[in-house]
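Okay, so the sequence shown: first residue is 87 according to the numbering used here, each after it adds one.
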Amino acid sequence: MWKLSKPPLATDPPSGSQTYGYITTQRHEELRDQVKDFAKREVLPRVNDMEQSRSVHHELSRMIARQGWIGVTIDEEYGGMGMGHVAKTIIIEELSKASGAMGAMAQASQLGVAKIIHFGTKKQKKHWLPQVASGECLPTIAVTEGESGGHVLGMNCTAQREGKDYILNGHKVFVGNSHVGDVHGVVARTGSGSKGLTAFLIESDREGFSVAPQQTAMGLHGFSFGELLFENCRVPASNVLGSVGEGLPVAYSSSVLYGRANLTAVALGIHQAILDETTKYAAERELYGKPLHELPTIKNKIGDMQSRLMTARLAAYHAVDLLDRGLRCDAELINAKLINVEYALDSARNAMEIHAASGLFTDRPIERYLRDAHHIFAPAGTSDIQRLRLGEMALGQSKGQWSERLADKVQMTP
């Protein structure tokens, strides 16, 4: 497992990061260079295979986990990196620049660990967090159901008490890392109303648990986000995460504090890749005897893309910097997801316009970036949901902030 050294602070950023000295430190930029090097050596050479096979890449998922990066927000006492959410954003962004699928893989299990950090007992943390930090275990979180979608209170998956156990029946859909996960954080109904949801830790080898065959999707080829099935799945009461009836806080806090920030980072990485590939193409492609980028209309579109990317990057890193500092930042996290997803999609469309017919063929990655970017739209709330939440905050109608309630658990300034 890779270990981060702690060199003295340099006067110049090793990778020229726009956030260096303002948000990111020398340690952060050293981490960025390490992830970037790994992505170049191990991820990029496998992208074509993932695109052609459209199957879950178990080997690469495990390889990424063994770097220790899933444990970036896990305290060092449990074997984690203890570097926080800015560092997490760096890891996801750099992986996503090479492969949106592998950026999504990393973020899904980094999301999966949130519930254990926030609500796990000392015994649960001692058992699971070191395994996650070492890369031995990939956690997930499973909340969404096909019938109710994003309406968490509408779920039908049940967990009935039977002696010292609970019996789970039902299903969960769109679960990130469904086919590579080792322990699933499942929210099920144990009673009525908002207090009738409870979270459970369910190991992937439990009797009564299974995973439906992976369906082929538009993008993120190599990543699994499938369906979990529970048929009289017996789970000991000791696997309850948090208190009985606390499933809603488990789901919402994970989504707000980790889910939105993680997906923001995936979108940011894809966005950077879109701009890099487009400027390269515009310099190499000649039209009317000069590079394509000399045309004012093309330069204008590239300027729009650059402006969006700069704004998106600032929103992304500002939000997680506040999170690392233990400050109120639900609105900033929500806004960062909204901006990064919408701007990445806008720039992907600009890139397709600049590439024209050349962008339609799979020998260039632009069409992959467009497909992958669309996958980041719905998880942790569509853009309409983000706008709705921001509107509620502006009107003073929000019901508190998770970043404030769980500040002591998320604050982690390295």
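Even glycine gets a Cβ: it sits at the ideal position worked out from N, Cα and C.
Give the secondary structure of residue i by DSSP, where H, G and I count as helix, E and B as strand, and everything else as coil.
i	result
Gly154	coil
Lys250	coil
Leu197	helix
Phe205	helix
Ala493	helix
Pro131	helix
Ser139	helix
Leu413	coil
Glu478	helix
Gly355	helix
Ser280	coil
Lys385	helix
Ser484	coil
Tyr403	helix
Glu332	coil
Gly235	strand
Glu162	helix
Ser147	helix
Tyr374	coil
Tyr108	coil
Pro99	Only weak support exists for where Pro99 lies, its pLDDT of 45 falling under 50; the coordinates are left without a value.
Met191	helix
Gln301	coil
Leu306	coil
Would you list the one or two residues that DSSP bridges to residue i?
i	result
Cys319	Leu254
Ala285	Val273, Leu327
Leu395	Leu395 pairs with nothing; no bridge assigned.
Thr244	Asn255, Arg275
Gly262	Phe311
Starting from residue i, trace the beta strand (DSSP E) in both directions and tell me its first and last residue.
i	result
Gly271	269-275
Val266	Looking at the DSSP string, Val266 is not in any beta strand (DSSP E), and its letter there is neither H nor E.
Ser290	Counting along the chain, Ser290 falls outside any beta strand (DSSP E), and DSSP gives it neither H nor E.
The alpha helix (DSSP H) spanning residue i covers which residue range?
i	result
Phe124	112-124
Ser341	Where Ser341 is concerned, there is no enclosing alpha helix (DSSP H), given that its DSSP letter is neither H nor E.
Val172	171-184
For the ligand SAM, any of its heavy atoms closer than 7 Å to the Cβ of residue i?
i	result
Ala173	Judged by which ligands are present, the structure shown has none, so any question about the ligand SAM falls away.
The segment 166-173 contacting the segment 309-316, beta-carbon criterion three pairs below 8 Å: Contact between the segment 166-173 and the segment 309-316 is absent, because fewer than three Cβ pairs lie under 8 Å.
Using 8 Å as the cut-off, can you tell me whether the segment 437-450 makes contact with the segment 358-378, which would need three or more C-beta pairs spanning the two stretches below that distance? Taking 8 Å as the limit for Cβ pairs, the verdict is that the segment 358-378 does touch the segment 437-450.
Would the segment 142-152 and the segment 198-210 be scored as touching if the rule is three or more Cβ pairs under 8 Å? At 8 Å Cβ cutoff, the stretches do not touch.
At which residue ranges does the segment 208-233 contain complete beta strand (DSSP E) runs of 3 or more residues, listed in the order of the chain? 225-228
Under 8 Å, with one C-beta from each stretch per pair, do the segment 300-310 and the segment 237-244 reach the 3-pair mark? no
Threshold first: 4 residues or longer. Then list the alpha helix (DSSP H) segments lying entirely within the segment 424-482, N to C. 452-461, 469-480
Tell me, please, whether the segment 425-437 touches the segment 350-357 by the rule of three or more beta-carbon pairs shorter than 8 Å. yes
Looking at C-beta atoms only, is the number of pairs between the segment 415-424 and the segment 465-480 that lie closer than 8 Å three or more? yes
Assess, as a yes-or-no matter, whether the segment 172-182 is touched by the segment 325-338 under the definition of 3 or more beta carbon pairs within less than 8 Å. Result no; under three Cβ-Cβ pairs closer than 8 Å.
Quick test of the definition: if touching needs 3 or more C-beta pairs under 8 Å, does the segment 214-225 touch the segment 482-490? no
Does the segment 227-243 come within contact of the segment 258-277, defined as at least 3 CB pairs closer than 8 Å? yes
Assess contact between the segment 391-402 and the segment 320-332, defined as three or more Cβ pairs (one per stretch) separated by less than 8 Å. Is contact present? no
Would you check if there are 3 or more beta carbon pairs closer than 8 Å linking the segment 227-237 to the segment 154-168? no
Counting Cβ pairs, one atom from each stretch, are 3 or more of them under 8 Å apart for the segment 223-232 and the segment 244-264? Under the three-pair Cβ rule at 8 Å, the segment 223-232 counts as touching the segment 244-264.
Would you call the segment 118-134 and the segment 183-193 touching, i.e. three or more CB-CB distances under 8 Å? yes
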